[in-house]
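**Student:** One structure is given below, represented as structure tokens, and several questions about it will come after.
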Amino acid sequence: MDRYRKVRETFESSLYRARNLTEVQDYLSKNYSVALDTSDMLRASVVLSVSSFDHLIHEIFRVEVLHRLNFKKEINNFDIPFNIQIADAEHWPHLVENFVRNKNSYKSFVDPGKFSEALSCFISDPWSHIADDTGLKAKDLKARLRTIYMWRNRIAHEADINPVLGGVSLWPIIKEDVTKAIGDLEKIGKSAIKIMHNDSTT
């Protein structure tokens, strides 16, 4: 049984929504460009795709903790409270799942360092595995993820405003850049699923 099937499907569905936003924006910009500024739809797509990636890593962490505890496999730098460890078999999975969700609820795993920190609980040097799987250099993958993450932060926390002109204009954004970012997040995310699944298949 593929324990990551639902996680993968949810990730793909979320990125599909992000891509749909870019398609709708493209249609509207070509047909109603004079009357309507549609660029915020692209910004929304960036935010949605990064949130989808973050949610994916949270789900990978949750699924892998449950799997490894169930099969008595090692988890690095992650401790389960004693009262959960001694819980009966009926309630144990639910308690573990709630604990993991609550513990990670305030965290973001999109920054390359945080991404590595999360997956390092299960495998050593996650970025080297991602690099091997994708055929790309680890430093380039990390730099790309960081760029997308910072782009999302600029949109979410600064409204994508260009401060040079006193806040009266936005940073430019085009569909091609957004769809490329979505594709890169998908590549890294699916690779993360693959290496986690291959590392601990039983």
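At position 188 of the sequence shown (counting the first as 1) the number is 188 in full-length UniProt numbering, and the numbers step up by one without a gap. Even glycine gets a Cβ: it sits at the ideal position worked out from N, Cα and C. The structure displayed is predicted, hence computed values, not measured ones.
Going by CA-CA distance only, name the one from Ala87, His129, Phe61, Ser49 that's closest to Cys121.
**Tutor:** As a first step, residue 121 must be located in the sequence shown, where it is residue number 121. For the residues Ala87, His129, Phe61, Ser49, the minimum Cα distance to Cys121 belongs to Phe61.
**Student:** Just grab the DSSP bridge partners of Ser169 for me.
**Tutor:** Within the sequence shown, the letter at position 169 stands for residue 169. Paired residue(s): Asn162.
**Student:** To the nearest angstrom, how far is it from the Cα of Asn198 to the Cα of Phe71?
**Tutor:** Looking up residue 198 in the sequence shown gives position 198. Looking up residue 71 in the sequence shown gives position 71. Between Asn198 and Phe71, the C-alpha separation is close to 15 angstroms.
**Student:** Inspect the beta-carbon positions of Thr38 and Thr179 and report whether they are closer than 7 angstroms.
**Tutor:** Mapped onto the sequence shown, residue 38 falls at position 38. Mapped onto the sequence shown, residue 179 falls at position 179. No, these two residues do not count as a Cβ contact at 7 angstroms.
**Student:** Secondary structure at Glu117, three-state DSSP: helix, strand or coil?
**Tutor:** If you number the sequence shown from 1, residue 117 lands on position 117. Of the three classes helix, strand and coil, the one that applies to Glu117 here is helix, per DSSP.
**Student:** Find the nearest neighbour of Asp79 within the set Val65, Asp88, Pro172, judged by alpha-carbon distance.
**Tutor:** As a first step, residue 79 must be located in the sequence shown, where it is residue number 79. With distances taken between Cα atoms, Asp79 lies closest to Val65.
**Student:** Per DSSP, what kind of secondary structure is Arg3 in: helix, strand or coil?
**Tutor:** If you number the sequence shown from 1, residue 3 lands on position 3. It is coil, neither helix nor strand.
**Student:** Could you check where the alpha helix (DSSP H) with His197 kicks off and where it finishes?
**Tutor:** The residue labelled residue 197 in the question sits at position 197 within the sequence shown. Per DSSP, the continuous alpha helix (DSSP H) segment holding His197 begins and ends at 175 to 199.
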